[in-house]
Amino acid sequence: MLCRILTGLISIFLVGNWSAYAMELSSSVNAEDGWKLAIETKAVTIYSRPGADSRLKEFRAIGPVDAPT
């Protein structure tokens with residue numbers, strides 16, 4: 045029983061931490077730099093802006109990367 049409670053509390057803590065981290069990252073995109081929200085899903089947020097001296101758009105993606113440390 046205690047194991048289930050601890051597992052639940054740890055899960056809540058991890059989800060809460062991740063969502064706070066994601067909010068911090070998404071707020072780091074400055075609209076004054078021309079970034080506009082293109083797509084937002086549960087896992088990734090993508091911003092775009094016109095490229096300097098180019099017909100191509102620049103893209104910025106914010107989301108988790110599953111990589112070993």
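Residue numbers (the numbering used here): 45 to 113.
Glycine residues also receive a C-beta, built at the ideal position from the N, C-alpha and C atoms.
Kindly give me the distance between the Cβ atoms of residue i and residue j, rounded to whole angstroms, as I take these residues to be in contact under 8 Å.
| i | j | result |
| --- | --- | --- |
| Ile90 | Ala105 | 5 Å |
What's the gap between the Cα of residue i and the Cα of residue j?
| i | j | result |
| --- | --- | --- |
| Gly107 | Leu81 | 14 Å |
| Pro112 | Ala96 | 35 Å |
| Lys101 | Lys86 | 23 Å |
| Ser98 | Ile83 | 22 Å |
For a test of the three-state rule: what should DSSP assign to residue i, helix, strand or coil?
| i | result |
| --- | --- |
| Ala105 | strand |
| Ala82 | strand |
Return the chain-ordered list of same chain residues with a C-beta closer than 6 Å to the C-beta of residue i, the five sequence neighbours on each side being excluded.
| i | result |
| --- | --- |
| Gly78 | Arg93 |
Only counting the same chain, and skipping five residues up and downstream in sequence, which positions put a Cβ closer than 8 Å to that of residue i?
| i | result |
| --- | --- |
| Phe103 | Ala82, Ile90, Tyr91 and Ser92 |
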